[in-house]
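What follows is one structure encoded as structure tokens, with my remarks underneath.
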Amino acid sequence: MTALRQQFQTRISQVWATEWKNGKTGASKLNDSPPGPSHFKLYHGLPHRAASLLAQLHTRRSPLAHDLFRRRLHPTGLCGCGAAETLEHVVLSCEQYERQRRALRREMKKKEDLPPDDIRL
Numbered sequence: 042m043t044a045l046r047q048q049f050q051t052r053i054s055q056v057w058a059t060e061w062k063n064g065k066t067g068a069s070k071l072n073d074s075p076p077g078p079s080h081f082k083l084y085h086g087l088p089h090r091a092a093s094l095l096a097q098l099h100t101r102r103s104p105l106a107h108d109l110f111r112r113r114l115h116p117t118g119l120c121g122c123g124a125a126e127t128l129e130h131v132v133l134s135c136e137q138y139e140r141q142r143r144a145l146r147r148e149m150k151k152k153e154d155l156p157p158d159d160i161r162l
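Positions in the sequence shown are counted from 1; adding 41 to them yields our numbering.
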């Protein structure tokens, strides 16, 4: 009977872990939580609009088409280039924003408190 109970407990734990990871609550919602005290230093010294946008991006409540689409506020969630307009897409790969990425890289290189290895845009 003990082996059967152990198998049952193992199976229950596996089901719970899968639901926690893939469900509409639990771990999948962690990024939806408001920024906590550890994030405040990121916002320190930023203008209100920039801090607000950073918080929106963190909580996936941004004006990006993909975030709006998830809330049924955008018809497709697609970028002008045809890909899903996610934060990663806009910041790292969209050709439409290449000029802005180059300008950002130039500005980041001017920052003396950033080691060159930290500049990976």
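Here a beta-carbon is modelled for each residue, glycine too, at the ideal position from N, C-alpha and C.
Query	Result
Helix, strand or coil: how does DSSP classify L133 here?	helix
Checking 8 Å against the spacing of the C-beta atoms, do A124 and H115 come in under that value?	no
Since G94 contacts Y84 with CB under 8 Å, what's their CB separation in whole angstroms?	Correcting the residue type first, residue 94 is Leu in the shown sequence and not Gly. Incorrect: roughly 10 Å between the Cβ atoms, too far for contact.
According to the Cβ coordinates, are T127 and H107 closer than 8 Å?	yes
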